[in-house]
Amino acid sequence: MTKLTRAQIELRERARALAEGVIAGRAAEVDRTEAYPWNNVRTLTKAGFMGMTIPKALGGAGLGYLEAVLVVEEMAKACGVTARIVVEGNMGAVGAIMAYGSEAQKKLVAKLVLAGDKPAICITEPEAGSAATEMTTRADKRGDRYVINGAKHWITGGGVSRLHMIFARVFDEFDQEQGIGAFMVVRPKARAGAETGGRLTLQDIMAEHKPAMSESTARRRLRAHFGARHAINTRWTVERGSAEHFEMLRLLDCAKGLIIGRREPAMGLRGLPETEVLFHDLEVSEHMALMPPRGLRHGFGDLMKAYNGQRIGAATVALGIAEGAFQLALKHAKERHQFGRPIAEFQGLQWMLADMSTKLEASRALIHKAAARRGFPYIVEAAQAKIFTADMAIEVTNAALQIFGAAGYSRNRPLERMVRDARMFTIGGGTAQILRTVVASRLLGRRLPQTRNGYL
Ligand SMILES: Cc1cc2nc3c(=O)[nH]c(=O)nc-3n(C[C@H](O)[C@H](O)[C@H](O)COP(=O)(O)OP(=O)(O)OC[C@H]3O[C@@H](n4cnc5c(N)ncnc54)[C@H](O)[C@@H]3O)c2cc1C
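Here the sequence shown stands for residues 1 to 456, where the numbers follow the working numbering.
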């Protein structure tokens, strides 16, 4: 196991105190309401846990991924959603932009993230999930800008994130494909609460799209179109992503650009929205294109190196959720009496607890090894850490629920939430199967098939 320095241990203690003292008490409410925890974001920002990995020269703490995962694990023991926000505020898009971005891009990201923004990474499309390189979203060069059209789905942070890192196939002025690139787009600040219910008021839409007209003009236009059917008063709402929503945007002259569509009713990690993100003639300055050093032909591969950090972050959230469930189960096993003695005295449960703690330690060792590397984590180590930990978290949270008996199955306790939250990590950020293919392809010296007709 990587030996931690005094400073790293102190950082972990500080994160633990905040997680136990503040974040844990809010976790059930975040899950129940499915509302993005803006108060936790303010707490994290104040504590300096957003943008820890951003260099000091840009206002960050200049820390590495090992420090980030120490904080993420502590947060995840208390609240998986909050831990994922810490991941996105330090790894993933932040890592890619700090490695490949221009000075202006880095400054922009630092400013947003240090103020609490959780960047969104937009890769997955309805027809391009595991086969991400089959994405059809395109960015067409037009003079000094790119025009992006396409549709993504399952984008974490849709509706709450300001910075979006959008992956697209890039075409030059002559319609020749250059490869896959990424583009940075900043959305206006969302109105707190607008992202939660999936229904939007006119004020939400005005705040989100900033149409070039007053609210009273907007109201007049909508009334003229929709007629008496809608009073378009302050109580009037439209379903996000519906035909009516898009019609409304057209009437307000803001149907172009980046549009947040429907939210997925996710099984777990419910305070963090996953939504469709749509691009209709979205214009992006060429200065907002993220150019990997080897150019667009290797764009996807190089940008995905930055994603290895994100994978370690995701693995750490899974680890923290499982560790939190394990600690609850251990305490319960010592306190709950059946047959006249604590249930911890039954060997069946002792072996379960022993297996749980062994798997947790193994996961932590894999994660710390991958995170301790300088620069981006190595693809195989990151994949191995996520493969093992994602499976482990499902097993350990289920075992913890079992140790609680019926009490574990109750929504009055956190176990059922932890089981639901832990289920995500074999899917998001590279599935269990695809990551095994990544490891196997390195072992065998073969390249991962990523196109319809063979190999990259
Ligand atoms: C909670 C959550 C958050 C997410 N956040 C984001 C985000 O912020 N940004 C983003 O871009 N995406 C995000 N995603 C999407 C995620 O990256 C995709 O779900 C994932 O890449 C898998 O794609 P898919 O769901 O379309 O599954 P599919 O690709 O349709 O796969 C279905 C099944 O087939 C298996 N499979 C597919 N191909 C192979 C193969 N070659 N060999 C073996 N098995 C295979 C898969 O492992 C899986 O079990 C998120 C997903 C979830 C659940």
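C-beta: ideal position from N, C-alpha, C; glycine also.
- Under a Cβ-count criterion, where at least 16 other Cβ atoms within 10 Å of its own Cβ denotes burial, should His458 be classed as buried or exposed? Summary: the structure shown does not reach residue 458, with the chain confined to residues 1 through 456, and so no result is reported for it.
- When we look at the beta-carbon of Tyr455 and count the other beta-carbons within 10 Å, is it buried (16 or more) or exposed? No answer about Tyr455 holds up, because its pLDDT of 46 lies below 50 and its placement is not dependable.
- Locate the beta strand (DSSP E) running through Tyr146, then write down its first and last residues. Arg145 to Thr156
- Query: Residue range of the alpha helix (DSSP H) that Phe167 falls in?
  - Reply: Careful: Phe167 lies outside any alpha helix (DSSP H), inside the beta strand (DSSP E) at Leu163 to Phe171.
- Exposed or buried, which one is Asp421 when buried takes at least 16 other CB atoms within 10 Å? buried
- Message: Using a 10 Å radius around the Cβ and a threshold of 16 neighbouring Cβ atoms, would you call Lys189 buried or exposed?
- Response: exposed
- Message: Classify Ser285: buried if its beta carbon has 16 or more other beta carbons within 10 angstroms, exposed otherwise.
- Response: exposed
- Task: Using beta-carbon positions only, say whether Gly313 and Val72 come within less than 8 Å of one another.
- Result: yes
- Task: Specify the secondary structure class of Tyr455 as computed by DSSP and reduced to three states.
- Result: For Tyr455, the pLDDT reaches just 46, beneath the cut-off of 50, and the residue's location in the model is therefore unreliable, leaving the point undetermined.
- How many whole angstroms separate the CB atoms of Thr137 and Glu125, which I take to be in contact at a CB cut-off of 8 Å? 6 Å
- By how many angstroms is the C-alpha of Gly348 removed from the C-alpha of Val87? 36 Å
- Within 10 angstroms of its Cβ, does Thr43 collect 16 or more other Cβ (buried), or is it exposed? buried
- Among Gln203, Gly408 and Ile321, which has the Cα closest to the Cα of Ala390? Ile321
- Message: Measuring only the C-alpha atoms, how far is Ala344 from Tyr409?
- Response: 19 Å
- Task: Return the residue from the list Met165, Glu173, Leu108 and Ser130 that minimises the CA-CA distance to Asp140.
- Result: Glu173
- Task: Specify, as a first and last residue, the run of the beta strand (DSSP E) that Leu278 falls within.
- Result: Glu274 to Ser285
- On the premise that Gly181 lies in contact with Ala290, defined as a C-beta separation below 8 Å, what is that separation, rounded to the nearest angstrom? One point to set straight first is that residue 290 is Leu, not Ala, in the sequence displayed. Yes, they are in contact, since the Cβ atoms of Leu290 and Gly181 sit about 7 Å apart, within 8 Å.
- Is it the case that the CB of Lys118 approaches a heavy atom of ligand 1 more closely than 7 Å? no
- Query: Which residue from Ala17, Gly340, Gly150 and Asp117 puts its Cα closest to that of Glu283?
  - Reply: Gly150
- Task: Using the Cα positions of Gln350 and Ala17, report the straight-line distance between them to the nearest angstrom.
- Result: 29 Å
- Message: Can you look up Arg240 in the DSSP assignment and give me helix, strand or coil?
- Response: coil
- Between the stretch 199-218 and the stretch 299-314, are three or more C-beta pairs nearer than 8 Å? no
- What number of angstroms, rounded off, separates the C-alpha of Glu416 from the C-alpha of Arg145? 48 Å
- Task: Just list the beta strand (DSSP E) runs in the stretch 334-358, keeping only unbroken ones of 3 residues or longer that don't cross its boundaries, in chain order.
- Result: none
- Message: When you compare the CB positions of Ile379 and Val419, do they come within less than 8 Å of one another, or not?
- Response: no
- Message: Cutting at 6 Å between CB atoms, please list the residues of its own chain near Met50, excluding the five before and the five after it.
- Response: Leu44, Gly89, Val113 and Gly116
- Counted within 10 angstroms of its Cβ, other Cβ atoms place Ile9 as buried (16 or more) or exposed: exposed
- Extent of the continuous beta strand (DSSP E) to which Arg199 belongs: Arg199 to Thr201
- Query: Under 7 Å from any heavy atom of ligand 1, does the C-beta of Leu274 make it?
  - Reply: In the sequence as displayed, the identity of residue 274 is Glu instead of Leu. Yes, Cβ of Glu274 sits closer than 7 Å to a heavy atom of ligand 1.
- Go to Arg436, then tell me how far its alpha helix (DSSP H) extends in each direction, as first and last residue. Ala432 to Leu444
- Which of helix, strand or coil DSSP assigns to Arg142: strand
- Which parts of the stretch 393-421 are runs of the alpha helix (DSSP H), unbroken and 4 residues or longer, counting only runs that do not cross its ends? 406-409
- Message: Any heavy atom of ligand 1 inside 7 Å of the beta-carbon of Gln433?
- Response: yes
- Item | Inter-residue Cα distance where the pair is Met392 and Thr156 | 23 Å
- Query: So Glu177 is in the beta strand (DSSP E); what residue range does that whole segment cover?
  - Reply: Glu177 to Val186
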